[in-house]
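Residue numbers (our numbering), protein chains in the order written: chain A, 1 to 113; chain B, 1001 to 1113; chain C, 2001 to 2113; chain D, 3001 to 3113; chain E, 4001 to 4113; chain F, 5001 to 5113.
Okay, so here's the structure we're looking at.
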């Protein structure tokens, strides 16, 4: 696991803990729900991660994209599958997604090396 | 095929022909590309339709959602798979997607009947 | 209560029931959470409805705006408070919110009459 | 001028008057500013209408698109210029703009006939 | 006042001056209007800052969020009020707002310390 | 050409090559189309760059804005033309575009010096 990925995971975890430590039940419920929807079900976890990745891409949320790129790699998505998700996101969301595609492909490649 | 679905397909096709009849090569290329990305590849066509559906949902494009709901049904997505895509889109995109989820579920049900 | 408002509430309720009747636990949890966040708390319910209205306006979700306009009226927001929410939403979200402001003001006025 | 265009203009004008009749100075200032930015300046009014059209398209605001399509026609934009704006908007904003492009091209054609 | 907040305010002020120094009357009018809408009125300034914060959150504008977090603290919003705004924004805008919620909560906490 | 601009162009070019080196034909076609729409046509290249800039601004894509600011300067847009595009984008897209306007104006000025 690259340093970049480790740092991302660590910072994300620390900030999540900080948010969850606050006394707001609705925020906690949302965080729980956000984990639940990506679990194996009628669709398997890999397909769900790709759905998370594609939706994050068209909504252009870099942190969300980074998270789902990491998860998609860990769960066994292939290069061609990853690129096809990028292609669909790019066509659906337009050229404004390209900077995010560049960064996603860069991270994908770094994790391979 | 319900009347609603038939009408949607007919109107979509007619307007697409009108747009393609215009003399702009870039618009034609975009339309061709928009068809190409959903074809079977490393990911199968069903998964790609679900990616198209989820991205359309979070971007809240009713016509796009209608199109991908119809395609997802035709290509054999199950009730549970469809609902899981709705759930992911709803969590990623928030409560503002709910009116679109309502209409998508309504169309899904109508096509079943 | 105007016919338009009654129809909106009835259709919304019927579609919500249809969605909730489906067998997806995450969708149900999201719907429950969506109700919970607008309840009286540190901020009172009226302020929360205005927050729901302003966020719906800048995200340009007509159904969401209609819902929060009705709720804001029922819960006792005044004309001036309503207009100030519209003004903030318009400045934050830009001229693309204007068609939604027009429809929101129209509904607000109809409910008054 | 087609009936559709007349109706659109009339309804828009009536609702604008209703909004302006309300007692909120900031909303009035925003409406004034919204008119001012499209006036002849360093860029001529036609170019500004095309900028208004392109931005409305990528933000997918149907009422805004209709307004700028009408204005662009009135101010003398040609078929090829119009199509090129549609092409740029489509590439920048992605396939989710296509339903709006269809409707814009349909209105453009109706105004020609 | 933390160094981070001081730096943010200083840079924001300098860039605002640079933009206002340019010779465009419409940009100046927009900046003036952007200040005006948050002033005490039918709704008090605190409520308006919370509306500014919630709309900035769902539109995922980090600079805007930072600005309104600082203003909300200065104007006396409590921890529980702040968290409830975050919760509403998160439910309305979905999980793509979470990275912004993390950063907003982090800044809120830093200002407390 | 400033160091900042050189660095931006170099990194953009390197990442584009990395993306194009991947084996996905649809991504390549999208990149080609993204170049094609800004070429001289019924509208000249300068007008098209301004359309690219305005749409990037309202969609708040910093990398896209940077790219079109550089291109607009290189192709001979004047200060007043640039500011008018900023003003239209700001009015259409709202105060959430202001942080991007600040950065765009800053880059525009740096390129002048």
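Using N, Cα and C, we set each Cβ at its ideal position, and we do this for glycine too.
Min CB distance residue i to chain A below 7 Å
i                       : result
residue 4065 of chain E : no
Contacts around residue i, its chain only, beta-carbon distance under 7 Å, and the 5 residues preceding and following it disregarded
i                       : result
residue 2004 of chain C : 2110
residue 22 of chain A   : none
residue 4092 of chain E : 4058
residue 1002 of chain B : 1110, 1111
residue 4043 of chain E : none
residue 1047 of chain B : none
residue 3082 of chain D : 3072, 3108
Of the listed residues the options, nearest to residue i (C-alpha basis)
i                       : options                        : result
residue 5070 of chain F : F:5024, F:5019, F:5112, F:5098 : F:5112
residue 5053 of chain F : F:5031, F:5011, F:5077         : F:5077
residue 2074 of chain C : C:2019, C:2029, C:2045, C:2021 : C:2045
residue 4029 of chain E : F:5098, F:5104, F:5103         : F:5098
residue 1103 of chain B : B:1080, B:1091, B:1068         : B:1068
residue 5106 of chain F : E:4007, E:4008, E:4012, E:4002 : E:4012
residue 1033 of chain B : A:108, A:88, A:96, A:100       : A:88
residue 62 of chain A   : E:4100, E:4084, E:4007         : E:4100
residue 5080 of chain F : E:4014, E:4008, E:4019, E:4043 : E:4019
residue 2040 of chain C : A:31, A:14, A:26, A:16         : A:26
residue 3036 of chain D : E:4035, E:4082, E:4008, E:4024 : E:4024
Residue-chain proximity (residue i, chain D), Cβ-Cβ < 7 Å
i                       : result
residue 2096 of chain C : yes
residue 5042 of chain F : yes
residue 4069 of chain E : no
residue 5005 of chain F : no
Proximity test, Cβ basis, 7 Å: residue i and chain F
i                       : result
residue 2101 of chain C : no
residue 110 of chain A  : no
residue 4053 of chain E : no
Contact set for residue i: own chain, Cβ-Cβ below 6 Å, skip 5 residues either direction
i                       : result
residue 5056 of chain F : 5064, 5065, 5068
residue 85 of chain A   : 50, 53, 54
Beta carbon proximity, residue i to chain C, threshold 7 Å
i                       : result
residue 92 of chain A   : no
residue 4080 of chain E : yes
Contacts of residue i in chain C (Cβ-Cβ under 8 Å)
i                       : result
residue 4048 of chain E : 2084, 2088
residue 1105 of chain B : 2015, 2018, 2019, 2022
Short CB-CB distance (under 7 Å) between residue i and chain B
i                     : result
residue 21 of chain A : no
Partners in chain F for residue i, counting only beta-carbon separations shorter than 8 Å
i                       : result
residue 1030 of chain B : 5033
Per-residue contacts from residue i into chain F (C-beta, under 7 Å)
i                       : result
residue 4027 of chain E : 5083, 5086, 5087, 5090
residue 1036 of chain B : 5026
Other residues of its chain near residue i: CB distance less than 8 Å, five sequence neighbours each side excluded
i                       : result
residue 4049 of chain E : 4038, 4068, 4071, 4072, 4075, 4077
residue 2031 of chain C : 2016, 2019, 2020
residue 96 of chain A   : 60
Proximity test, Cβ basis, 7 Å: residue i and chain E
i                     : result
residue 59 of chain A : yes
Partner residues on chain B for residue i, Cβ-Cβ distance less than 8 Å
i                       : result
residue 2056 of chain C : 1096
Per-residue contacts from residue i into chain D (C-beta, under 8 Å)
i                       : result
residue 4072 of chain E : Per Cβ cutoff of 8 Å: no residues; residue 4072 of chain E is ~20 Å from chain D at best.
Any chain H beta carbon closer than 7 Å to residue i
i                       : result
residue 4026 of chain E : The structure shown contains no chain H; its protein chains are A, B, C, D, E and F.
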